[in-house]
Each structure stands twice: as C-alpha cells, then as structure tokens.
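Participant:
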Amino acid sequence: MDLQPGYRRERLPDPESVGEDEVLVEAIRASIRASGPMTFARFMEHALYEPGHGYYRRPDPGPGRAGDFLTAPEAHPIFGAVIGRLLEQAWEALGRPEEFTISEPGAGTGALAAGLLGGLRDLGSPMLSAVRYRPVEVEPSRVDAIRARLADAGIDPFIRPEEPGPGARETGAVVANEVLDALPVHRVVGRPGRPEGIAELLVALDEGGSFAWAERDPTTAALAERLHDEGVTLADGQVTEVCLALDGWLADAARHLARGVVVLVDYADEPAALHDPVTRPTGTLRAFARHAVGGDPFRHVGRQDLTATVDLAAVRAAAARAGLRPVGETTQAELVATLGTGELTTAILRRDGADLQDALDLRSALARLLDPRGMGGFRVLVFGRGLPDGTALEGLRRLRRAGG
Ligand SMILES: C[S@@+](CC[C@H](N)C(=O)[O-])C[C@H]1O[C@@H](n2cnc3c(N)ncnc32)[C@H](O)[C@@H]1O
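Residues in the sequence shown are numbered consecutively from 189, following the numbering used here.
1) CB A361 to CB G306, shorter than 8 Å?
2) Taking 8 Å as the cut-off, decide whether the C-beta atoms of F228 and L432 are in contact.
3) Return yes when the C-beta of Y244 is under 7 Å from any heavy atom of ligand 1, and no when it is not.
4) For G303, tell me which candidate among E582, Q520 and L338 has the shortest Cα-Cα distance.
5) Taking the runs of the alpha helix (DSSP H) that are 4 residues or longer, which of them lie wholly in the stretch 394–441?
6) May I ask you to report which of helix, strand or coil DSSP gives S317?
7) For D559, tell me which candidate among G483, L523 and D540 has the shortest Cα-Cα distance.
8) Taking only the alpha-carbon atoms, compute the straight-line gap between E280 and G342 and give it to the nearest angstrom.
9) Can you find a heavy atom of ligand 1 that lies under 7 Å from the Cβ of T259?
10) From the DSSP secondary-structure annotation, give me the bridge partner or partners of S291.
11) May I ask you to check if the CB of A280 is nearer than 7 Å to at least one heavy atom of ligand 1?
12) Using a threshold of 7 Å, is the CB atom of L445 nearer than that to any non-hydrogen atom of ligand 1?
13) Taking a contact to mean a Cβ-Cβ separation below 8 Å, would you say A553 touches I271 in this structure?
14) Mind reading off the beta-carbon distance from P469 to Q426? Whole number of angstroms is fine, and I expect it under 8 Å.
15) Does the structure place the stretch 529–538 close enough to the stretch 231–238 that three or more beta carbon pairs sit under 8 Å?
16) According to the neighbour-count rule (16 or more other Cβ atoms, all chains shown, within 10 Å of its Cβ), is P293 buried or exposed?
17) Report the option in D332, Q520, V326 and T407 whose CA atom is closest to the CA atom of A370.
18) Helix, strand or coil for E198 per DSSP?
19) Would you give the residue range spanned by the beta strand (DSSP E) that A477 belongs to?
20) In the DSSP assignment, what are the bridge partners of F571?
21) Taking the alpha carbon of D454 as the point to measure from, which residue in A461, L512, G564 and L311 has its own alpha carbon closest?
22) For G511, which of A318, L548 and L438 has the nearest alpha-carbon?
23) Span of the alpha helix (DSSP H) holding D332?
24) Are there any heavy atoms of ligand 1 lying less than 7 Å away from the beta-carbon of G303, as far as the coordinates show?
25) If we count the other Cβ atoms within 10 Å of its Cβ and call it buried at 16 or more, is Q520 buried or exposed?
26) Spell out the partners DSSP gives A145 in its beta bridges.
Spelled out as structure tokens, the structure:
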C-alpha cells in the first residue's frame, strides 16, 4: 500500500479524527481481565476482523483515495489488467479450458476485478468467455458492493459470487493482492538468556486500564521453530513478527483449485532482511489511518489497518505444504513493465471518451507502479497445481538489472 491518495493534489484527511471503536476496545479489555494477556495475533484478529466492529468488518472500505491507504488496484485499473494478462498465459498453458474460475480472497472494493475483467475486454481476450470471477471477503456486504461496481462497469456477467460445494474441483486461479500482510501476527522479542532465545510480547492492561505490552514465555513452540527453520537468531531486545496464520489461509484459499495458479502480491522480504537487527530492530508492524502511517497498534482500535511485511520463505513453505509448486517470482515493477505497457496502454487510451486526463493518470500510475522503492518493489509469487510440466509464464521473466 501507498500513503499518497492521488496524483492530483488533494487535502489529506486528519488521522486523529478516526477515533476508536469503543465497544470493541471494551470487549478486548474485558477478555484480558477475564483470561489474562492475549497474543498480539488474537488482538489483531479482534481489531481487524471482529464482526460489526473490526477494521475490515465496517461498511466503508479501507483502501481507496477516500480511505486509509492506496493499493495498486485502487491506484489504476492497469494493475488488474496486468494480472489478467498473466492469468491469460496460465489459461493458455492449461490448453484454454472452457471454464476458468478466478477466485479473489480479500477482493476489497473490487478494483482488481474491474481492471482485470475490463482489461481482458479491452484487449478482446479469448479467455474472457471462459472466466468465472468469485470475490471472497471476510465482510459479506463487500461482495454485494463489488457486484454492483462490476455491474456499473458492464462486466457483471462473469461474476459467480456463490461459494462452490465443499468438494468442488476447479480450473483457474486464486489471486490475492495485499491480503497476506493483513493476516494476524505474533510479536516476539530476542532474549538470549531464555531457553529458545525469545520471549513473546502479549497484550495486557496497565494500571489505568490501557493496553500495554507484557513479556512472557512464548505461547507456542511454533514461534521459535519458525525462526530456527529460517536460520534467524534475534539480538537481545530485538522485536519482530511471526505470522502463523499463513498455512491455514493458503490451504483454504486454494482448496477448490485442481488445476491452475495462485498469484500472491504483497510487500514482502526474505527472512534475513525481515528480521535484520540493524535495519528492523522493532519489526515491521505498522498501522494505517487516513493515509498516515503510525507505529502504535493500540490507538484507533477498529478504525486503523494493522499490517506487517510478509515473510517470503514462510509463504513458499506454506505453499509447498498446501501441495502447490513454485511457478515463478518477480517484482510488481517487472510484471507491470513486462505486461502492462504497449498494447494494454494503447487499449486503455482507445476507450470511448478517453481524454488527456486519462493519459496523464495512466502515466502517473505507471510511474508509481514501476517505482522499485515503492509499490514496484512489491513481490509477486506464483504457485501452481496440476500445470503441465515445465510451465513457464512469460510475464514472470526477470528483466536484466542495470549494470548486470
Ligand atoms: C489491504 S486490503 C486489500 C484489498 C484489495 N485486495 C486491494 O488490493 O485493494 C486486505 C483485504 O483482505 C481481506 N481479508 C483479510 N483476510 C481475509 C481472509 N481470510 N479471507 C478473505 N479476505 C480477507 C480484508 O477484508 C481486506 O479487504
């Protein structure tokens, strides 16, 4: 996600004005009073996903120009269109199946779907008639809003919002943009004197009843095991995050996929960089409200997004355990540079009514999506199941580095 809401100068909303969800705060406090300090993962689940109160369970969506942060699909439809071209290559590799179901967990406002389906239509893609698109959201009312958005854009015939039966086996794709970073994380701190070299940071209440960190023995051995498997030793006092929810999430997201690809896009890093004591001594947990980044997860509870940089090695391991094989990896910048220029930009600017402002918006969006220090640095991971041996997707070709 990016902080700046747009390229045209706009007044930024005041992050302090969001307040907090008082009912949610009181419910979390009551739970801590009754059962003692809770893991940060549990706190994050409440803060983001508590029905009716969590940040992602509110009627108004978080991403977008009027919201709290800007994601690539919200920045410009060309991002979704680029993903569409990548999926078209998978469809070709599968021998052009008659039905190709695209499931999108964390579909948000439907921006990625609008760009993807609109892009396939603009390009006259032969895949379009095979596409069945299924948005998947934790908040059910979002699916209705996505449907309405796509109907407005005239691309609703491809929508299949219904969940398939439990044993359904589909050919197609699972696409998730900036969802893994929103999964609950545990927080740990390096303590070389302790048996596993770590303690866990739990959420407790201080004497005044405010949320406060409490250092305790780890609540699960899985935390030390993850760091050990990744060859990471935390320095004394170094804080970091560990996401144990990845395995369950990925297995569930791909449970209907018999043949096809899983495309995951997010800000992510290798374990050595993610848990580096010099560059990231306090981890990567961040809070977003009204296009401002904050470091305090205990403020604006239920009204701000909480997020942590994704561990690439943990995603690869979770994919392998879910029976998915690696197809390729690249960066968002390279994906967009490879698939998002040329005929796609031409098609967008040839749409009925396209004007000079559209050309300027497209140019600005491309600059942002290609910026390797910003969204362009996001990682694209593609895994497959049931693909023909040796399947290579042209869109995942890495570009030669300057000077390399
Ligand atoms: C940062 S937003 C990204 C939204 C959208 N993909 C985009 O790029 O604009 C994260 C989204 O993931 C959704 N989400 C989180 N966990 C989920 C889960 N387990 N299943 C489905 N959606 C989930 C949230 O509701 C939210 O809409």
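Beta carbons are placed, not taken as given, at the ideal position from N, Cα and C, and that holds for glycine.
Since this is a predicted model, take the numbers as computed values, not measurements.
Facilitator: Considering the structure as presented:
1) Here the question's residue 361 lines up with position 173 in the sequence shown. Here the question's residue 306 lines up with position 118 in the sequence shown. Their beta carbons are not under 8 Å apart, which means A361 does not touch G306 by this criterion.
2) Stepping through the sequence shown from its first residue, residue 228 is reached at position 40. Stepping through the sequence shown from its first residue, residue 432 is reached at position 244. Taking 8 Å as the cut-off, the beta carbon of F228 is found no closer than this to the beta carbon of L432.
3) For the purposes of this step, residue 244 is taken as residue 56 along the sequence shown, with counting starting at 1. Within the cutoff, so yes.
4) Locating residue 303 in the sequence shown gives position 115, where the first residue counts as 1. For the residues E582, Q520 and L338, the minimum Cα distance to G303 belongs to L338.
5) 410–417 and 434–441
6) By 1-based counting over the sequence shown, the position of residue 317 is 129. If DSSP states are grouped into helix, strand and coil, S317 belongs with the helices.
7) Counting from 1 along the sequence shown, the entry for residue 559 is found at position 371. Considering only alpha carbons, the answer is L523.
8) Counting from one through the sequence shown, the residue named residue 280 turns up at place 92. Counting from one through the sequence shown, the residue named residue 342 turns up at place 154. E280 and G342 have their C-alpha atoms some 25 Å from each other.
9) Walking along the sequence shown from the start, residue 259 turns up at place 71. Indeed, a heavy atom of ligand 1 lies less than 7 Å from the Cβ.
10) Here residue 291 refers to the residue found at position 103 of the sequence shown. In the DSSP output, where bridge partners are listed per residue, S291 has R322 and V362.
11) The residue labelled residue 280 in the question sits at position 92 within the sequence shown. It should be pointed out that residue 280 corresponds to Glu in this sequence rather than to Ala. False, no ligand heavy atom lies under 7 Å from that Cβ.
12) Against the sequence shown, residue 445 aligns to sequence position 257. Flag unset: Cβ of L445 not near ligand 1.
13) Locating residue 553 in the sequence shown gives position 365, counting from the first residue. Locating residue 271 in the sequence shown gives position 83, counting from the first residue. Result no, Cβ atoms of A553 and I271 do not sit closer than 8 Å.
14) Along the sequence shown, read from residue 1 onward, the residue named residue 469 stands at position 281. Along the sequence shown, read from residue 1 onward, the residue named residue 426 stands at position 238. The Cβ separation is near 5 Å, so the contact holds.
15) no
16) Locating residue 293 in the sequence shown gives position 105, where the first residue counts as 1. Classification of P293: buried, given that the 10 Å Cβ count is 16 or more.
17) Here the question's residue 370 lines up with position 182 in the sequence shown. Comparing alpha carbon positions, the residue from D332, Q520, V326 and T407 closest to A370 is V326.
18) Working through the sequence shown from its first residue, we reach residue 198 at position 10. No answer about E198 holds up, because its pLDDT of 45 lies below 50 and its placement is not dependable.
19) What you label residue 477 is simply residue 289 of the sequence shown in a count that begins at 1. That run of the beta strand (DSSP E) goes R474 to A477.
20) Position 383 of the sequence shown, counted from the first residue, corresponds to residue 571. Paired residue(s): V450 and P514.
21) Numbered from 1 along the sequence shown, position 266 holds the residue referred to as residue 454. Minimum Cα distance to D454 is reached at G564.
22) Taking the sequence shown and counting its residues from 1, the one referred to as residue 511 is at position 323. When A318, L548 and L438 are compared, the shortest CA-CA separation from G511 is found for L438.
23) Translated into the one-based positions of the sequence shown, residue 332 becomes position 144. Taken as a continuous stretch (DSSP letters only), the alpha helix (DSSP H) holding D332 covers P328 to D340.
24) If you number the sequence shown from 1, residue 303 lands on position 115. It does not: the Cβ of G303 is nowhere closer than 7 Å to a heavy atom of ligand 1.
25) Working through the sequence shown from its first residue, we reach residue 520 at position 332. Buried is the call here.
26) What is shown of the chain runs 189 to 592, which leaves residue 145 out entirely.
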